Amino acid sequence: MTRSESIYDSPRLAAGYAFGRPPVHQHILETVGKHIHTTVRPERALDVGCGAGLSTAPLEPLAETVVGLEPVPTMLTHSRVVAPSALFLVAPAERLPFSAGVFDLMTAAGSLNYADLSLFLPDAARVLAPGGLLAIYDFSAGRRLRGNDLLDKWYISFERRYPPPPGYFLDVVGLDYARAGLRLEACEEFEVATPMTLSSYLRYAKSETNVELAISRGVPESEIHTWCRSTLEEVFDDEPREVLFDAYVAYVRREGNS
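Its first residue numbered 0, the sequence shown is counted upward by one per residue in numbering that gives the first Met the number 0.
See below:
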């Protein structure tokens with residue numbers, strides 16, 4: 000098990016991902032839905048590296064059948080609650096347990112950073128139907144408020160106190176899609192804004208992987224909670240504040256007619 004897998008093999012983090020994070024996936028997948036440009040609803044969609052299912056649930060309006068795939072079983076603890084209409088399987092991204100050409104739509108939300116892409120991309124092309132779409136997307140931490148820099152300054156202190164796991168960057172535009180029989184169709188960057196309060200932002204912050212890493216290294220969760228709450232009180236007042244996330248989606252098409 001790699002370090003990233005060991006961090007995600009946590010009931011605490013599984014609950015945090017299921018119930019403590021804002022609906023950024025929903026906003027992004029609404030954008031993906033507009034890009035599909037078809038009056039025919041995709042028959043099958045696959046969410047690769049689905050985590051707790053929060054990235055799987057917004058696929059349910061887009062396809063007849065939705066499948067979430069996750070390599071760490073613990074992360075699926077609450078998936079039936081989060082995405083009740085989806086199916087879930089435990090398997091790695093590099094070995095997709097499906098027949099060829101069965102998915103019209105595939106998504107990967109911040110999960111390919113941990114995958115061997117030399118294995119994943121050809122297998123993704125294999126299970127996509129001709130002309131099928133792979134939407135690779137991710138978004139930044141919610142570290143900005145509209146109109147002031149208080150949250151950004153807080154997040155700098157947060158990461159300084161609880162450093163994040165290393166090695167997360169993915170150059171999604173520079174990947175060799177052609178070798179796998181895929182084509183980068185477009186890459187779109189945009190901003191997602193969602194209202195959050197002190198309590199909702201506190202839940203979100205505690206679901207971040209740097210907090211899980213700190214806990215795994217022996218820092219008491221109660222200590223992290225106390226520090227985060229006391230310092231966030233200087234950022235959030237009684238009214239919801241608009242927290243900003245910087246997002247991107249890369250649209251990758253399997254070659255061939257749809």
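All residues carry an ideal CB built from backbone N, CA and C; glycine is no exception. Just so it is clear, the structure is predicted and the values come from calculations on it, not from any experiment.
{"Asked": "Mind checking which residues open and close the beta strand (DSSP E) that includes V248?", "Found": "240 to 253"}
{"Asked": "Assuming L86 contacts D122 (C-beta within less than 8 Å), just tell me the rounded distance between them.", "Found": "Not confirmed; about 19 Å, so no contact."}
{"Asked": "Please return the same chain residues whose Cβ sits closer than 6 Å to the Cβ of M74, not counting the five positions on each side in sequence.", "Found": "Y7, A13, G50, A51"}
{"Asked": "Within 10 angstroms of its Cβ, does R142 collect 16 or more other Cβ (buried), or is it exposed?", "Found": "buried"}
{"Asked": "Leaving out the 5 sequence neighbours to the left and right, which residues in its chain are closer than 7 Å to R228 when beta-carbon positions are compared?", "Found": "L201"}
{"Asked": "With burial defined as no fewer than 16 other Cβ atoms inside 10 Å of the residue's Cβ, what is the status of Y16: buried or exposed?", "Found": "buried"}
{"Asked": "What number of angstroms, rounded off, separates the C-alpha of T30 from the C-alpha of S84?", "Found": "21 Å"}
{"Asked": "Consult DSSP for C186 and reduce its assignment to one of helix, strand or coil.", "Found": "strand"}
{"Asked": "Following the continuous alpha helix (DSSP H) through T55, name the residue where it begins and the one where it ends.", "Found": "First-last for T55: undefined, no H or E at that position."}
{"Asked": "I'd like the list of long-range same chain contacts for G67, defined as Cβ closer than 6 Å, with 5 residues on each side in sequence excluded.", "Found": "D46, C49, G52, T55, A85, F87"}
{"Asked": "Are the CB atoms of V251 and R182 nearer to each other than 8 Å?", "Found": "yes"}
{"Asked": "From what residue to what residue does the alpha helix (DSSP H) around T76 run?", "Found": "First-last for T76: undefined, no H or E at that position."}
{"Asked": "How would you label A185, buried or exposed, when you count the other beta carbons within 10 angstroms and need 16 or more for buried?", "Found": "exposed"}
{"Asked": "Excluding the five sequence neighbours on either side, which residues of its own chain have a C-beta within less than 7 Å of the C-beta of P91, listed in chain order?", "Found": "P70"}
{"Asked": "Could you say which of R125, K205, F102 lies nearest to R40 if we only look at CA atoms?", "Found": "F102"}
{"Asked": "Using beta-carbon positions only, say whether F157 and V23 come within less than 8 Å of one another.", "Found": "no"}
{"Asked": "Tell me the DSSP secondary structure of P91 in three-state form.", "Found": "coil"}
{"Asked": "Just checking my contact of E241 with P194 at CB under 8 Å: how many whole Å lie between their CB atoms?", "Found": "6 Å"}
{"Asked": "Secondary structure at Y200, three-state DSSP: helix, strand or coil?", "Found": "helix"}
{"Asked": "For the alpha helix (DSSP H) that L120 lies in, which residues bound it at each end?", "Found": "116 to 126"}
{"Asked": "Are I27 and Y136 closer than 8 Å when you measure CB to CB?", "Found": "yes"}
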